[in-house]
Amino acid sequence: MLLQCLNISYRYPQGDALVFRDLNCRLADPGFHGLFGPSGVGKSTLARIMAGEISGFTGEIKRRDRAGILYSCNTERLPGWSSVGDHLTKVTPAANLPLLRELITAFDLGSCVDSRFSQLSLGQKNRANLTRYLLQDFDLLIMDESLANVDEATRKQIIVTIKQIFPDRYFLYISHSVAEVATFCARILVLRDIHKSPQLIEVAGRDHHGDAVPDRPALERAMLEIVHAA
Amino acid sequence: MLLQCLNISYRYPQGDALVFRDLNCRLADPGFHGLFGPSGVGKSTLARIMAGEISGFTGEIKRRDRAGILYSCNTERLPGWSSVGDHLTKVTPAANLPLLRELITAFDLGSCVDSRFSQLSLGQKNRANLTRYLLQDFDLLIMDESLANVDEATRKQIIVTIKQIFPDRYFLYISHSVAEVATFCARILVLRDIHKSPQLIEVAGRDHHGDAVPDRPALERAMLEIVHAA
Amino acid sequence: RQRGGEPAAELNYRLKWLYNINTAGDLYAQEHGFFTSRGLKVTVKPGGPERDAIRELELGRAQFGVASADQVIRALAKGAPIVVIAQLFQQNPLQWIYRSAGACYASPRQLRGKTVGITFGGNDETIMRALLAKYRIAPDEVNLFSVRYDYTPFYRGEVDLWPIYRNAEGIVIAEKMAKAGEQTGFFVPDLFAVRFVANSLITTRSMLEENPGVVRSFRDALLSAWQEAMAPANAARTIALVHAYDQGTPAEIIAKQLDATRQLMLPENGRLGRIDVAAWQQTEKIMLEQGVIDSPVAVEKALLPDGL
Amino acid sequence: MLHKRLSQFLIIYFLGLGLLLAVKYCFGLSDYVIPGFTDMQNTAQAVAAGYLRAVLDTLGVAVIGHVLAIALATVVAIVGRPDNLLGTMIKTAAYNLQAYPIVAVAPIIFILLGDGLPSRLLIAAIICYFPLLLSFIGILGEPVAGIEHFYVVTGRMRWQLEVKIRAFENIHKLITVVTGSATLAMVGTIVAEFIGADSGIGYSLRIALYQSDIAKVLVALFLIGVFNSLYLVALELLGLAVRKRMGVEQRTQQ
Amino acid sequence: MLHKRLSQFLIIYFLGLGLLLAVKYCFGLSDYVIPGFTDMQNTAQAVAAGYLRAVLDTLGVAVIGHVLAIALATVVAIVGRPDNLLGTMIKTAAYNLQAYPIVAVAPIIFILLGDGLPSRLLIAAIICYFPLLLSFIGILGEPVAGIEHFYVVTGRMRWQLEVKIRAFENIHKLITVVTGSATLAMVGTIVAEFIGADSGIGYSLRIALYQSDIAKVLVALFLIGVFNSLYLVALELLGLAVRKRMGVEQRTQQ
Ligand SMILES: Nc1ncnc2c1ncn2[C@@H]1O[C@H](COP(=O)(O)OP(=O)(O)OP(=O)(O)O)[C@@H](O)[C@H]1O
Ligand SMILES: Nc1ncnc2c1ncn2[C@@H]1O[C@H](COP(=O)(O)OP(=O)(O)OP(=O)(O)O)[C@@H](O)[C@H]1O
Ligand SMILES: [Mg+2]
Ligand SMILES: [Mg+2]
């Protein structure tokens, strides 16, 4: 068990409504976990609570000892003073440099390494940002819509690559694509309206690894289950 | 014919590679048009050229006389000094105020009108921003990933609402969801790698209006056609 | 904008400097009704480094003022329509202070090899250079030191003689040093026949022509006030009055300043307010020789000793 | 906040004083170069009341001068914003005005305006306005593309809105600069009094300097520092209130 | 750019001059109050060469003072950035230093440093650094969350990086402030010369003022304005080069 949220309740200091009431969830095993739910339901908030970036909630977060939890999202930027490639190299521990090269290829970033971040397209920005997080030392990486502006084919390729390279790490993947979370995640945390109880339901996904052709009916069942839960 | 691009070639001043070579496309009839293609292929660039926000290309853009073309994207923000509701009301022509109320309901923004923009979730930001553009006077509205961070159900509802309310306007919808463009767009402009010729191919979509159940096989054919084109 | 104005009109009187001992008579005149008793309504305004009474006279913001002789001559050289109606100081208060322990300057020749503070561009430069010229001391035989308003170089002994207003700061500094056991003396150019006139009372030519009566009353009022203010019998009143306006200076110091001022304004058998035409002419000559003005101005024509 | 600012000032002040006294005793300088401690105490007692009144007087003028300077800088930055002829001319004039030391310009100001309060206020405002102007021009001249785009393409952009957007986006920086420039308003007023007034702490300072009375100068500097701190605190509180009213988030939560 | 700046300055200067002359002839003032045109011409011819040398001298000191001030402001803003005791103390000291009019502080500086070049440089730098400091504190104190997050959460954030990120994000504003403060470096040097030096245009100005010679003052102001414009242009070109090298986009394309 890497992380467990117990009876979390939270209200933003400037907000007037609760975002969570007595929410419980846990990340028990390594792999790809989905966090799914309608826009505005509190996914980003929950993710940042897990990462320790928001405090002031009630309830308890239990983390495994010395768990390295990173939160990344799609609005981050790289500094502008040198090229994307330079920045990536600079933040990569020496041991991971081969991995960096591998990721650049897998994420189709080859044409971007010589550009400044501000010269990239949205999807390229997403990928460059995600890349640097993957090269760090972490136990759990939260990807908050980290690939929101990337096309589906590339997104699929990226997810499959990540699952291959990091089989022992935890990922919490926030996305609005039901098909995607159903296909690639082992477990999906479906976050629902605060008036529903429990506020969070766990659904099983297909945990696809990109090797075989997915089992279509099973996938559709999983998708339906997710949509119904939400 | 609202707009026609003839033999457009373009290279960013700071970039070293061409983004377009002799690209041609047109928006002939009102309705929902898709602009689809892999990340980094030039969708945003083409959209901004159409809207007149980028100059310095070669080739010609023919616009219908006095065509009002608006470009909106998902990185825009509303000012922070008053609530989202106030800002929306302020930029809405008096005649459109009932429409504003209608959109707020259809876009599920009711809970956001009293918040500041910075207090919204990503998807809420997307929706608030799109709303204000829809209330303006335009012939063509380009939505560059305007709903990228919104969940699929809400997105569908928004698209259907827009198509209902504005049957005579032109929309250019940029999205990474094949299913979505195939379902809702009448025509899809598929933008491809610059080495492919022609760089842009037009594919027919299902132009679904949300009334009947979509014809599944036809949709899948359209999706396949799009994916193959790209 | 009034120039001259009606007899009963308000008159502005612009002093040369802040309220201090040098304005004792002016304050006395105002406080003890010397103006009102002559039917004059006068507002006395203090001066300062950025105040120039001559400009104010021309701009019509003041009708009377105090200016030093070099200012008057410079202004005349530029065509300013002003006249001098009284000369306040008979001896120039601008002198040099020195430590008397090691030195006494019986003759300017003793300045050779010394470091002398001067304000470049100021009166003291003109005076000192005239003195050096007169005694045939080449400028490179003394070290001229550019002074600022802080006395540190003098205190630290880097400069031997420091220019100072004898009756104002001079007293304060001498007092301070005396407290620390250091004796001081003053080097007085007048004693070596370099007579450079200082403060005098001025008005405009048009004022004089249109309202000669007002001008006369004003001058008489002011000179009588000075006379009384300087009278030893009135010392206590004068000191109290000056102290009221110049609270930064302790009364004991003002008392000493008053004594020094009396000597500068009323030397032995002198007459208060007397315009020393010869001294003015010498002042003009010095300024001409020092290149401060380009051509003679015939300053005597602007002096009105008894022409009122 | 008040407590913090004041105690900080006191520490700094007494550190400086300690340094001076150390210099005095190390080099064996006599009392007229650097006054001794008891001398300072006596002077302080003697002049405290008068100087206090003077400082309050100065503070009053400084506040008005500060407001003036803010208004002036705002107007110049707004008018100088567009890249047209008038804009650049006004900016040039505003910059060049500052290129002249006030001591050189003061006589001309006095010629044109006389020597009443207007001249003093103008001098105070001039000294304080330039730093404000620099920041204001920097801030108001830089587009906030993400917010402005909508208003530009829908033809809604007016200069007021543009200014509002840019100011609001940089509200923390603006408040820092406005608060910090309070100090300059004080200095401006003091310099104006030093040059041409007959009241205020600047005037007292000038007299103290002519009398070469470092003890008095130190007392004056002490009072200036205290009231400057008070003014700063007042402005900081105002800044907080403004931010709160505008609903600007705290920095750490951005 | 050079051409533009210079011609702007000339227009402003001669407008000002015209105003003065208008006042002169309307009120029939003598050459002593406001010099006539021929008087100015003669004065200009007589002093031009000497004043030119003096201005160049001043410009040299101003450039060094400016660099010093930038360094000083950078250091203080960086050190004063964190909200710990040392940081706030240094900020307080930096603010309070500015609360004192330089005329009051100068004697103490001269006591401590003597009256050579160091004192003059220090005074020039002090006058010029405060506006820089205000902007620098505003800019370096405000997090750029979107960029900094990664470095903070991965434990990579060092103060150098933080400064670099914030400076780079605000490079346009920084360049505006640095360029604009050139003017203040000039003024600072002139004031220092005015107070305590015996060369430079500030010294010439002081003499002209002692001599009540407005014509000379106007000639000096003219030369100061011209060289100030030149310095500004040089800095603007430098700013362009910096932006280009850093690959910062032009504003309009952001
Ligand atoms: N800083 C804030 N202050 C007040 N309320 C906030 C703040 N940030 C978010 N909220 C509110 O909290 C709720 C949850 O926001 P959150 O960003 O977690 O949603 P989300 O599930 O990530 O949505 P999306 O899919 O649109 O990103 C929303 O209703 C939002 O309006
Ligand atoms: N300012 C710029 N300078 C130089 N090159 C740029 C600039 N902006 C974009 N590019 C490049 O132009 C290409 C097209 O970018 P564009 O943003 O149009 O892609 P896109 O199709 O919108 O991609 P996405 O789906 O990721 O948003 C990309 O390869 C990108 O790196
Ligand atoms: Mg979110
Ligand atoms: Mg794009």
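Protein chains in written order, with my numbering: chain A, 1 to 230; chain B, 231 to 460; chain C, 461 to 768; chain D, 769 to 1022; chain E, 1023 to 1276.
Using N, Cα and C, we set each Cβ at its ideal position, and we do this for glycine too.
Local conformation of residue i per DSSP, three classes
i                         : result
aspartate 22 of chain A   : strand
valine 1077 of chain E    : helix
glutamine 1272 of chain E : Only weak support exists for where glutamine 1272 of chain E lies, its pLDDT of 48 falling under 50; the value from the coordinates is given anyway. Note: glutamine 1272 of chain E maps to coil in three-state DSSP.
arginine 102 of chain A   : In the sequence as presented, arginine is not what sits at residue 102 of chain A; that position holds glutamate. Helix.
methionine 925 of chain D : coil
threonine 644 of chain C  : strand
methionine 231 of chain B : coil
tryptophan 622 of chain C : strand
glutamine 124 of chain A  : helix
isoleucine 8 of chain A   : strand
tryptophan 311 of chain B : coil
cysteine 1024 of chain D  : Outside the displayed span of chain D (769 to 1022) sits residue 1024 of chain D, for which this structure offers no information.
isoleucine 802 of chain D : coil
proline 93 of chain A     : coil
glutamine 366 of chain B  : coil
threonine 45 of chain A   : helix
glutamine 490 of chain C  : helix
aspartate 650 of chain C  : helix
alanine 434 of chain B    : strand
histidine 1171 of chain E : helix
asparagine 472 of chain C : strand
Whole-angstrom C-beta distance between residue j and residue i, which should lie under 8 Å
i                            : j                          : result
glutamate 1170 of chain E    : isoleucine 1197 of chain E : That belief does not hold up - the Cβ atoms of glutamate 1170 of chain E and isoleucine 1197 of chain E are roughly 22 Å apart, past 8 Å.
isoleucine 725 of chain C    : leucine 517 of chain C     : For the sequence presented, residue 725 of chain C should be read as methionine rather than isoleucine. Their Cβ separation, rounded to whole angstroms, is 23 Å, which puts methionine 725 of chain C and leucine 517 of chain C out of contact at 8 Å.
alanine 634 of chain C       : threonine 644 of chain C   : 5 Å
leucine 661 of chain C       : arginine 676 of chain C    : Actually they do not touch by this definition, with Cβ atoms about 12 Å apart.
leucine 365 of chain B       : threonine 322 of chain B   : 5 Å
phenylalanine 646 of chain C : arginine 626 of chain C    : 6 Å
Closer than 6 Å: residue i CB and nearest ligand 4 heavy atom
i                        : result
aspartate 273 of chain B : The sequence shown places lysine at residue 273 of chain B, not aspartate. Checking the Cβ of lysine 273 of chain B against ligand 4 gives yes.
leucine 122 of chain A   : yes
Distance cut-off 6 Å: residue i Cβ against heavy atoms of ligand 1
i                        : result
proline 1210 of chain E  : At residue 1210 of chain E the sequence reads glycine, which differs from the proline that was named. It does not: the Cβ of glycine 1210 of chain E is nowhere closer than 6 Å to a heavy atom of ligand 1.
glycine 340 of chain B   : no
glutamine 776 of chain D : no
glutamine 387 of chain B : no
glutamine 14 of chain A  : yes
Residue i Cβ short of 6 Å to ligand 2 heavy atom set
i                        : result
glutamine 429 of chain B : no
tyrosine 301 of chain B  : no
valine 420 of chain B    : no
glycine 914 of chain D   : no
serine 82 of chain A     : no
Review point. Quick check: the region 532 to 547 of chain C against the region 1051 to 1066 of chain E, are there 3 or more CB pairs under 8 Å?
Key: yes
Check your understanding: Can you find at least 3 beta carbon pairs, one from the region 472 to 481 of chain C and one from the region 517 to 526 of chain C, that sit closer than 8 Å?
Key -> yes
Point to revise | At least 3 beta-carbon pairs within less than 8 Å: the region 840 to 857 of chain D vs the region 898 to 907 of chain D | key: yes
Check your understanding: In chain order, which continuous runs of the alpha helix (DSSP H) of length 4 or greater are located wholly inside the region 710 to 736 of chain C?
Key -> 711 to 725
Check your understanding: Between the region 1023 to 1040 of chain E and the region 855 to 872 of chain D, do three or more beta carbon pairs fall short of 8 Å?
Key -> yes
Review point. Given 8 Å as the limit, is there contact between the region 2 to 10 of chain A and the region 41 to 59 of chain A, that is, 3 or more CB pairs closer than that?
Key: yes
Practice item. Could you say if the region 979 to 996 of chain D and the region 802 to 812 of chain D meet the contact criterion of at least three C-beta pairs nearer than 8 Å? Key: yes
Review point. Is the region 215 to 223 of chain A touching the region 270 to 280 of chain B in the sense that three or more CB pairs, one from each, lie closer than 8 Å?
Key: no
Review point. Would you call the region 241 to 259 of chain B and the region 186 to 203 of chain A in contact, with 3 or more CB pairs under 8 Å?
Key: no
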